[in-house]
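Okay, so the sequence shown: first residue is 212 according to this note's numbering, each after it adds one.
From the three backbone atoms N, C-alpha and C, an ideal C-beta is built for every residue, glycine too.
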Amino acid sequence: RVMIEGGFSANYTAVQGPHALAVAFKTTRWELAGEGSEVVAVDQAEQFFSSRSVMWVRLIHKASKKVVFFVNHHGPLRINSGGR
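Printed below as a string of structure tokens:
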């Protein structure tokens, strides 16, 4: 939704992960080489929302052919608890 309403979808590619995680990259400069996700934690009962995941993308820079491994994560609630 943000990509379309913000007018970014013509120049950027979005990779949707689980649990409201996402990564976007500039399509003219980067190529998606791989992606994945894994559940890594669950919120504590006092502030339970959901399980928490990590998602990653591996991108290749089109000009230099260098590879970037990017990770996005939203940690569990309560803050600094480590989840359950």
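The ligand FAD heavy atom lying under 7 Å from the CB of residue i
i    : result
G228 : In terms of ligand content, the structure shown is empty, and the ligand FAD therefore cannot be addressed.
Sub-8 Å separation of residue i and residue j beta-carbons
i    : j    : result
E246 : V226 : yes
Inter-residue spacing [alpha-carbon to alpha-carbon] between residue i and residue j
i    : j    : result
K277 : S261 : 36 Å
S275 : T239 : 13 Å
V251 : F281 : 16 Å
V234 : Y223 : 10 Å
M214 : L232 : 14 Å
F219 : D254 : 32 Å
I271 : R263 : 27 Å
E257 : H285 : 17 Å
G217 : G228 : 19 Å
Beta-carbon separation (whole angstroms), residue i vs residue j, contact threshold 8 Å
i    : j    : result
V265 : E249 : 6 Å
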